[in-house]
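Q: Residue numbers (the working numbering), protein chains in the order written: chain A, 218 to 545; chain B, 39 to 597.
Okay, handing you the structure first.
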């Protein structure tokens, strides 16, 4: 087992190397008007160096003077020590900005994750129990609608109905105008109030795939021989479903959910941007739009790490949860 | 199966034999799939939506009389400021030809009039006499003291009777001040100061000093006629304004207000001024006046700190922004004044085309790479699958955004952006298909039919693409139809964020982009609602079809 994990980790590191190299290459194509702007400002100070000298100095400072490969190794040698430099747009170290925004994203994702599990698994199982029934059809259709809903459109619709027409929920932001005057409980409630619409949006948009996954797995399990055996033994339908079928359905579901755990830190770029939730998604969207290379570089690599980590956790969980699987 | 043998007959009416081809109805595998597919209600719904969308986008776009980037204009009644009316508060001077007043006389005069003094002493010591000829109207004289005794002069008596301070005796003009005993002065007439303005009825009329003087004196005396330079004018007074006519024809208009046209080149006729003054005096709030074409235009005025601003409603041609749905524009118009229905149609073309092109690219690359990896195995498989892993790890949405902003930087044209979008999405998205194909082929290549294929000496590409890949087709088709929805969704999201398809090209996502302006979101739901529903319906339909296909291809899941 340990050998397997170590081997996978090694492969992940190699993959990460190539992924970050590719991302770095693409990032270097980004317009770096920031450097020119900065140089222009600095050169206008009295007694300052000339514009072109400043450009050269800043490029050297940000590691933009050497070629892509050389620049990459400069960046990577710092990144290994967790030094991702200073964000251009936010004017603070990348990691400091990251630490200040990540918990908004994480709490939002965690609430959505829990809601998703609570909604998707029971309804998926209910649909599979009575295949082709009305329940099954409605679950399938609802799940597909959720998958097909463009999150930006759904968010706009929710805003239009609840914020504009009914005026019960805030349009965007994470805290209200009088946040500073509220008691600490009031502050939490204020934030929760602002989180309602983003939570609904994300839950509805993402619940569908887990619903379908649960249904498909449950159907497979219900068609297997040991369920037929259990029924033949005369066990009640509840025992068959809850004890024999459900536990076996859990194997792939736990694997999938475990694999998506790191994704909770990834943020939801579109939804956060629409509701202006200051999480990692919205922050990185601003960084991308503003051409903030250090921050975007960090974010992309961070996302890649999350994906690799998710795969690794899924593989390990698969072996842990299902005793039939033996890792070679 | 209660089939009566006698009734089983072939087309010639003869009884069928047991091995008659038409008797044993076997469906080909493809037909079986089709039959299962068409039994699925959801799949049928999905198929009809897609057909409807294609008709809407491609046939509708061809039938629609408008193009996607045609801008519509409308006439709008706009209240535009037309003229300003100010009460004249400073003296207006009309000098006698060739006579110059001392420079500071204007300021001294204000002091003198408030003190009711008749003599102004300017800084250089010269004296100016003021002879009040009416309300705020003065004839001004340059004066020097004289020792002559003129108490008995006829002109003097006349002047005293008429409350004047100047008279003519012999050929000379005299001025007297009676504030502190009567003092006489030699006088030269220099100017006339009033708080009214004169407007001529026609351009060729030039007022002379004598005309000004006579008119103002007549007004001060409330006379209805006066004579100037041998012509008889008649005066009709109305409050502070007056109309002067010559030989029964309107000649000049005098008013205590200054008129300024707001726009350059607009001539405010005396008649217009009269109408305006009349309305202001009557406090009517509005008045009508015929414009140069004889059409009545309504004017309104409002008082702003003593100044009146006259506005008129004028029809101006403006872009028909956010027009409500009407018979001309069934869905309305967007913020650029373009017909939304046409944009929905052309946007649908682009959205659907991007979906199909991207999926084609994905399937093509995925099939080739997955097929090669699965067939050869070993190090080839290892290298290719690590490549798949690497691409799988790159977060796609931020990447699209970055590439979008790179294209922004290089000012890529809107069509070029569409091509690039297809290529980028295809190049990033094929990894899922490659994994499916490889996995299937890994198991398929061990089967007997592949050994048979190898034994017959079929070349490797042929074995991969003629014998193995067709067996993966069912999964590919299902994946492609579901993937189509995802691609359309991703393209819409990108365009919504302003990084995908850009103006003037339309796509459903870029139409919804208008909600970034919260005023549009609040007030014009007809702009963004239809496009959102179209995206939802199309993606949903592709998912329905994919779902139906999956069930149809998979005979294990019996229906």
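Ideal placement from N, C-alpha and C gives every residue a C-beta, glycine not left out.
From a predicted model like this one, the values you see are computed outputs, not experimental measurements.
Does DSSP put residue 550/B in a helix, in a strand, or in coil?
A: The answer is helix: DSSP assigns residue 550/B an H, G or I state.
Q: Examine chain B for any beta-carbon lying closer than 8 Å to the beta-carbon of residue 281/A, and answer yes or no.
A: So no, residue 281/A is outside the interface.
Q: Note down, in chain order, every chain A residue with its Cβ under 8 Å from the Cβ of residue 435/B.
A: Within 8 Å Cβ-Cβ: 486 and 487.
Q: Would residue 418/B count as contacting chain A if we go by Cβ distances under 8 Å?
A: Chain A contact via Cβ: absent.
Q: Along chain B, which residues have their Cβ under 8 Å away from the Cβ of residue 412/A?
A: Here the premise fails: no neighbours, minimum Cβ distance about 20 Å.
Q: Any idea if residue 581/B is buried or exposed, counting beta-carbon neighbours within 10 angstroms, 16 or more meaning buried?
A: It is buried - the Cβ of residue 581/B has at least 16 other Cβ atoms within 10 Å.
Q: Taking only beta-carbon atoms, is residue 367/A less than 8 Å away from chain B?
A: With 8 Å as the cut-off, residue 367/A counts as an interface residue toward chain B.
Q: Considering residue 170/B, what are the terminal residues of the beta strand (DSSP E) in which it resides?
A: Counting along the chain, the beta strand (DSSP E) containing residue 170/B begins and ends at 165-172.
Q: Going by alpha carbons, who is nearest to residue 347/A out of 408/A, 440/A and 297/A?
A: Looking at the Cα atoms, 440/A is the closest of the given residues.
Q: Check whether the region 289-304 of chain B and the region 265-280 of chain B are in contact - that is, three or more C-beta pairs closer than 8 Å.
A: Because the criterion of three Cβ pairs below 8 Å is met, the region 289-304 of chain B and the region 265-280 of chain B touch.
Q: Could you check whether the Cβ of residue 368/B sits closer than 8 Å to any Cβ belonging to chain C?
A: Given the protein chain composition of this structure (A and B), no chain C is represented.
Q: May I ask you to list, following chain order, the residues of the region 452-471 of chain B that have a beta carbon less than 8 Å from some beta carbon of chain A?
A: Listed by position, the residues of the region 452-471 of chain B near chain A (Cβ gap below 8 Å) amount to none.
Q: Note down, in chain order, every chain B residue with its Cβ under 8 Å from the Cβ of residue 501/A.
A: Those are 436, listed as they occur along chain B.
Q: So for residue 426/A, helix, strand or coil by DSSP?
A: Reduced to three states, the DSSP call for residue 426/A is helix.
Q: If you run the structure through DSSP and keep just helix, strand and coil, what is residue 509/A?
A: In this structure, residue 509/A counts as coil in the three-state DSSP scheme.
Q: How many whole angstroms separate the CB atoms of residue 381/A and residue 560/B, which I take to be in contact at a CB cut-off of 8 Å?
A: Confirmed, Cβ separation roughly 5 Å.
Q: What first and last residue would you give for the alpha helix (DSSP H) that runs through residue 279/A?
A: Looking at the DSSP string, residue 279/A is not in any alpha helix (DSSP H), and its letter there is neither H nor E.
Q: Between the C-alpha atoms of residue 410/B and residue 510/B, what's the straight-line distance to the nearest angstrom?
A: The straight-line gap from Cα to Cα measures roughly 13 Å.
Q: So, helix, strand or coil for residue 537/B, using DSSP?
A: Residue 537/B: coil per DSSP, three-state reduction.
Q: Check each residue of the region 563-575 of chain B: if its Cβ is closer than 9 Å to any Cβ of chain A, include it; give the result in chain order.
A: Result list: 563, 566, 567, 569, 570, 571, 573, 574 and 575.
Q: Flag this pair as touching only if the region 317-328 of chain B and the region 143-158 of chain B have three or more C-beta atom pairs under 8 Å; answer yes or no.
A: The answer is no - the region 143-158 of chain B does not touch the region 317-328 of chain B, with fewer than three Cβ pairs under 8 Å.
Q: Taking residue 319/B as the reference, give the member of 191/B, 429/B, 125/B and 487/B with the closest Cα.
A: The shortest Cα separation from residue 319/B among 191/B, 429/B, 125/B and 487/B belongs to 125/B.
Q: Can you name, in chain order, every residue of its own chain whose Cβ lies under 6 Å from the Cβ of residue 304/A, other than the five neighbours on each side?
A: Contacts found: 311, 314, 509, 511 and 512.
Q: Taking residue 292/B as part of the beta strand (DSSP E), name the residues at either end of that continuous run.
A: Residue 292/B -> beta strand (DSSP E) spans 287-293.
Q: What does DSSP give as the partner residues of residue 376/B in its beta bridges?
A: Note: residue 376/B sits in a beta bridge opposite 109/B.
Q: Counting only Cβ-Cβ distances shorter than 9 Å, please list the residues of the region 521-535 of chain A near chain B, keeping chain order.
A: Of all residues in the region 521-535 of chain A, 521, 522, 523, 524, 525 and 528 have a Cβ within less than 9 Å of some Cβ in chain B.
Q: I'd like the ranges of any alpha helix (DSSP H) spanning at least 4 consecutive residues and lying wholly in the region 426-486 of chain A.
A: Those alpha helix (DSSP H) runs which fall completely within the region 426-486 of chain A and span 4+ residues are 442-449 and 463-477.
Q: Distance check for residue 368/B and residue 379/B, CA to CA, integer angstroms please.
A: Distance between the alpha carbons of residue 379/B and residue 368/B: 7 Å.
Q: Give the residues from the region 301-331 of chain A that approach chain B closer than 7 Å (Cβ to any Cβ), ordered along the chain.
A: Residues: none.
Q: Between the region 498-508 of chain B and the region 428-443 of chain B, do three or more beta carbon pairs fall short of 8 Å?
A: Taking 8 Å as the limit for Cβ pairs, the verdict is that the region 428-443 of chain B does not touch the region 498-508 of chain B.
Q: Which first and last residues belong to the alpha helix (DSSP H) in which residue 337/A is found?
A: 311-346 is the extent of the alpha helix (DSSP H) around residue 337/A.
Q: Give the interface partners of residue 581/B over in chain A, defined as CB-CB distance under 8 Å, in chain order.
A: Simply 361, 364 and 365.
Q: Whole angstroms is fine: what's the gap from residue 236/A's alpha carbon to residue 259/A's?
A: For residue 236/A and residue 259/A, the distance between alpha carbons rounds to 35 Å.
Q: Kindly list, in the order they appear in chain B, the residues whose Cβ is closer than 8 Å to that of residue 376/A.
A: Under the 8 Å cutoff, chain B gives 559.
Q: Say whether chain B places a C-beta atom closer than 8 Å to the C-beta of residue 473/A.
A: No, no contact with chain B.
Q: Could you give the first and the last residue of the continuous beta strand (DSSP E) run that contains residue 180/B?
A: Residues 175-183.
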